[in-house]
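Right, one structure below, let's go through it.
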Amino acid sequence: MIAASNLGSAVLEKLSFLLKVLLCWYILSMKAIIFCTRQILTSNKFRGIVSSTRIHFDRLKVEVFSKEVCEIILDQYPGIKTLNKLHSKIVVNEHLRIDPTLAIKLMRAYSACGETSVARYIFDRSLEKNVVFFNVMIRSYVNNNLYFEALSIFQVMLSCAFNPDHYTFPCVLKACSGLDNLRVGLQVHDAILKVGLDSNLFIGNALVAMYGKCGCLREARKVLDQMPYRDVVSWNSMVAGYAQSGQFDDALEICKEMDSLNLNHDAGTMASLSPVVCYTSLENVQYIHSMFERMAKKNLVSWNVMIAIYVNNSMPNEAVSLFLQMEECGMKPDAVTIASLLPACGDLSALFLGRRLHKYIEKGNLRPNLLLENALLDMYAKCGCLEEARDVFDKMKLRDVVSWTSMMSAYGRSGQGYDAVALFAKMLDSGQIPDSIAFVSVLSACSHTGLLDQGRHYFRMMTEQYGIVPRIEHFACMVDLFGRAGEVEEAYSFVKQMPMEPNERVWGALLSACRVHLKMDIGLVAADRLFQLAPKQSGYYVLLSNIYAKAGMWKDVMNVRYAMKKMGIKKVPGISNVELNGQVHTFLAGDQYHPQAKNIYEELDVLVGKMKELGYIPQTESALHDVEVEDKECHLAIHSEKLAIVFAILNTKQGTPIRITKNLRVCGDCHFAIKLISKIASRDIIVRDCNRFHHFSNGICSCGDYW
DNA sequence: ATAGGGTTAG
Numbered sequence: 136m137i138a139a140s141n142l143g144s145a146v147l148e149k150l151s152f153l154l155k156v157l158l159c160w161y162i163l164s165m166k167a168i169i170f171c172t173r174q175i176l177t178s179n180k181f182r183g184i185v186s187s188t189r190i191h192f193d194r195l196k197v198e199v200f201s202k203e204v205c206e207i208i209l210d211q212y213p214g215i216k217t218l219n220k221l222h223s224k225i226v227v228n229e230h231l232r233i234d235p236t237l238a239i240k241l242m243r244a245y246s247a248c249g250e251t252s253v254a255r256y257i258f259d260r261s262l263e264k265n266v267v268f269f270n271v272m273i274r275s276y277v278n279n280n281l282y283f284e285a286l287s288i289f290q291v292m293l294s295c296a297f298n299p300d301h302y303t304f305p306c307v308l309k310a311c312s313g314l315d316n317l318r319v320g321l322q323v324h325d326a327i328l329k330v331g332l333d334s335n336l337f338i339g340n341a342l343v344a345m346y347g348k349c350g351c352l353r354e355a356r357k358v359l360d361q362m363p364y365r366d367v368v369s370w371n372s373m374v375a376g377y378a379q380s381g382q383f384d385d386a387l388e389i390c391k392e393m394d395s396l397n398l399n400h401d402a403g404t405m406a407s408l409s410p411v412v413c414y415t416s417l418e419n420v421q422y423i424h425s426m427f428e429r430m431a432k433k434n435l436v437s438w439n440v441m442i443a444i445y446v447n448n449s450m451p452n453e454a455v456s457l458f459l460q461m462e463e464c465g466m467k468p469d470a471v472t473i474a475s476l477l478p479a480c481g482d483l484s485a486l487f488l489g490r491r492l493h494k495y496i497e498k499g500n501l502r503p504n505l506l507l508e509n510a511l512l513d514m515y516a517k518c519g520c521l522e523e524a525r526d527v528f529d530k531m532k533l534r535d536v537v538s539w540t541s542m543m544s545a546y547g548r549s550g551q552g553y554d555a556v557a558l559f560a561k562m563l564d565s566g567q568i569p570d571s572i573a574f575v576s577v578l579s580a581c582s583h584t585g586l587l588d589q590g591r592h593y594f595r596m597m598t599e600q601y602g603i604v605p606r607i608e609h610f611a612c613m614v615d616l617f618g619r620a621g622e623v624e625e626a627y628s629f630v631k632q633m634p635m636e637p638n639e640r641v642w643g644a645l646l647s648a649c650r651v652h653l654k655m656d657i658g659l660v661a662a663d664r665l666f667q668l669a670p671k672q673s674g675y676y677v678l679l680s681n682i683y684a685k686a687g688m689w690k691d692v693m694n695v696r697y698a699m700k701k702m703g704i705k706k707v708p709g710i711s712n713v714e715l716n717g718q719v720h721t722f723l724a725g726d727q728y729h730p731q732a733k734n735i736y737e738e739l740d741v742l743v744g745k746m747k748e749l750g751y752i753p754q755t756e757s758a759l760h761d762v763e764v765e766d767k768e769c770h771l772a773i774h775s776e777k778l779a780i781v782f783a784i785l786n787t788k789q790g791t792p793i794r795i796t797k798n799l800r801v802c803g804d805c806h807f808a809i810k811l812i813s814k815i816a817s818r819d820i821i822v823r824d825c826n827r828f829h830h831f832s833n834g835i836c837s838c839g840d841y842w
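In the working numbering, the protein residues as written are 136 to 842.
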């Protein structure tokens, strides 16, 4: 009997052991299956089979529905649909419904989906709250930028006599940072000191961040220095503080301090530098690039920040090549990458890459995204593709004042002032309130088309109806408007009445008007002021000599040339870019080095022959041509835009439009020549010079010979 | 059971 019972218990023991093993195996394999399923569900590659997998996934949940399975699923941060299903199953189960762990994990998961109100609902329904409930609720609000709500929960927590801990304080401090509320931040700091939690790493980091965000950089640094332990986040918080306050050099000093401590920068360091990516020194850009290169783990944000730094510091070529490098590394660009890179495409007139980015947007379903669409619209506008820009504009579901302004200045720069004015009216109809920059764009559109009365009307509308105080840009537009329309005297009296000191652009507009309408007296005044304001700018000397030449005052032309030489003023060399199959070809005046140079000059000779039949007289030898053409050797006298155009004619199919980007203004000779070439070669030629587009078609230019 | 630093336009 005893033996039998022993045997029985031994068998039972064995059986129970076997059962345990089986159960463990079952749970483990379920974990594995659920994990894999989640992986598949969250991976983009498998989007196509998600629906069929989800059915399978749901069946799994039903079969092994337990607290443990729920936790596993919740820890994976499911999407809102799965979350809702799981939640409804938990609610109807009387054991699971009251489980605090599940309630907390549910709150966390809902907050990750942006559903703070559901998180709050669970929080309110949980009768036996503890500190963790409060911590998670505060964090839910903070992660969804609801800082005010976070602080009010913190208040409730204190009034219920719960003691905030080392999980609570970092979140509360982040809420203070988010609200820029130094007052509460200081109170929280006091409370931290009272309970002696100031030596905690996370709390210290949050304090550095809070003081930094509130602009108290000395206090931030003091906290940093007094921390018993620091990690990379502590330093990053300090970097972010300086960066957010616009103290770029100080932010970089911290990065260098990290270097000297042999502390590696991480992706967060790069991200912290982002607020001040604009207009820093070349040296700083190079240092940040070296940081970027040395970083062991680059993430998407690091690439995005580096690209943005290049774009914002007028290094579009570097931005583009970094982007190509990023693609090679297999890093997928997102909306931010593309929105940062599009302005670079615009600067370079790199339409090929711009169109490729457009396809990225379509394929990645990145629309609607206002910022991205605005950037795309502006890229097309800067590449001279007015129709494509308009297409982007028309397809936008939402437009802001930036969208309207971009589209208006696109019309303005192309000489379609009437379209710009019409769009301005449409903008007002749509209820969009124009701001100061919107008025700059409509005013400059008026001046480019010679719409004198409309320009006056908008200037009055801006000041009287919208109460916008005109800035120097508006005055420059008005001077340009009067000047182009031949009202040079009025332009000058406008300059004299300006409430601020006129700048280079204002006097430059006046000088240009004097050249067109041959106003020697005012022209001399303007030139004199310009030589004081910008003594090294060759363009104004050229303009002045043009005026003398037009008046037949050759001796003065020579004097200007002499003065330039004596002062060592060198002209910025004229450069023309043309894109062919995604590659940008750059031409200089008289370029001999291009592989196709021989063919280009031969074709140009043929063209010049045909142009002469239509009445073209080359002006390279005449004094009206700009002064820096000193060398009489004929090839050197040929401006870069002509070479770029002939190159494009030789290398693209008949009828393809040609797009050229120039760094300077087009000269009179080239302008006349390009008009004839557009007729002879039957090509639309779009030239972007430093301040507008010339759209040549069938012998006529969109600027109406007025630029 | 819970935590800190962070990106895009005229």
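Note that the Cβ used here is the ideal one computed from N, Cα and C, for glycine as well.
Opening and closing residue of the beta strand (DSSP E) in which residue i lies
{"i": "PHE831", "result": "828-832"}
{"i": "HIS592", "result": "Element bounds for HIS592: not the beta strand (DSSP E) but the alpha helix (DSSP H), 587-595."}
Three-way DSSP call (helix, strand, coil) for residue i in this model
{"i": "PHE297", "result": "coil"}
{"i": "CYS867", "result": "No answer is possible for residue 867: the residues shown for the chain start at 136 and end at 842."}
{"i": "HIS729", "result": "coil"}
{"i": "PHE427", "result": "helix"}
{"i": "VAL614", "result": "helix"}
{"i": "ILE793", "result": "strand"}
{"i": "LEU308", "result": "helix"}
{"i": "ALA686", "result": "coil"}
{"i": "VAL330", "result": "coil"}
{"i": "ILE773", "result": "coil"}
{"i": "GLY602", "result": "coil"}
{"i": "ASP469", "result": "coil"}
{"i": "ASP210", "result": "helix"}
{"i": "ALA167", "result": "Caution is warranted here: a pLDDT of 45 is assigned to ALA167, below 50, making its placement in the model unreliable, and no coordinate value can be reported."}
{"i": "THR188", "result": "Residue confidence for THR188 is low, a pLDDT of 35 falling below 50, so the modelled location carries little weight and cannot support an answer."}
{"i": "TRP499", "result": "Note on identity: in this sequence residue 499 is Gly, with Trp being the wrong assignment. It is coil, neither helix nor strand."}
Option in the options with minimal Cα separation from residue i
{"i": "ASN280", "options": "TYR593, ARG365 and LEU308", "result": "LEU308"}
{"i": "MET746", "options": "LEU218, SER312 and ILE815", "result": "ILE815"}
{"i": "LEU679", "options": "VAL707, LYS671 and LEU646", "result": "LEU646"}
{"i": "CYS520", "options": "ARG823, ASP656 and HIS230", "result": "ARG823"}
{"i": "VAL455", "options": "SER484, GLU428 and MET430", "result": "SER484"}
{"i": "PRO410", "options": "ALA378, ARG800 and ALA386", "result": "ALA378"}
{"i": "LEU262", "options": "VAL436, ILE239 and HIS806", "result": "ILE239"}
{"i": "GLY489", "options": "LEU293, PHE289, MET543 and PRO451", "result": "PRO451"}
{"i": "GLY481", "options": "VAL713, TYR276, ASN219 and ALA661", "result": "VAL713"}
{"i": "LEU477", "options": "GLN589, LYS517 and LEU501", "result": "LYS517"}
{"i": "TYR245", "options": "LYS220, ILE215, ARG274 and PHE268", "result": "ILE215"}
{"i": "GLU523", "options": "TYR697, VAL537 and MET542", "result": "MET542"}
{"i": "LEU511", "options": "ILE473, LEU417, GLY465 and GLY499", "result": "ILE473"}
{"i": "ALA893", "options": "MET635, ASN638, PRO637 and ALA662", "result": "Any question about residue 893 goes unanswered here, given that the chain covers just 136 to 842."}
{"i": "ASP513", "options": "PRO503, PRO235, PHE528 and VAL651", "result": "PHE528"}
{"i": "THR415", "options": "MET393, ASN397, GLY381 and GLU428", "result": "GLY381"}
Host alpha helix (DSSP H) of residue i (start-end)
{"i": "ARG664", "result": "655-668"}
{"i": "ASN712", "result": "First-last for ASN712: 710-715, but that is the beta strand (DSSP E), not the alpha helix (DSSP H)."}
{"i": "PHE807", "result": "803-815"}
{"i": "VAL412", "result": "Unbroken run through VAL412: none, as it is neither H nor E."}
{"i": "PHE458", "result": "451-463"}
{"i": "ASN219", "result": "215-226"}
{"i": "TYR627", "result": "623-632"}
{"i": "SER275", "result": "266-278"}
{"i": "VAL440", "result": "435-447"}
{"i": "VAL641", "result": "639-652"}
{"i": "TYR245", "result": "235-247"}
{"i": "ASN397", "result": "Premise fails: ASN397 is in no alpha helix (DSSP H) and is neither H nor E."}
Residues bridged to residue i [DSSP beta-bridge criterion]
{"i": "ARG823", "result": "THR796 and PHE828"}
{"i": "THR721", "result": "ASN712"}
{"i": "CYS838", "result": "Answer by DSSP bridge pairing: none, since CYS838 is not bridged."}
Open item on the list: Could you tell me which whole alpha helix (DSSP H) segments of length 4 or greater appear in the stretch 513-574?
Closed with: 521-530, 536-548 and 552-564
- [ ] Let me know the alpha helix (DSSP H) ranges lying completely inside the stretch 331-364, each 4 residues or longer, listed in chain order.
- [x] 336-348 and 352-361
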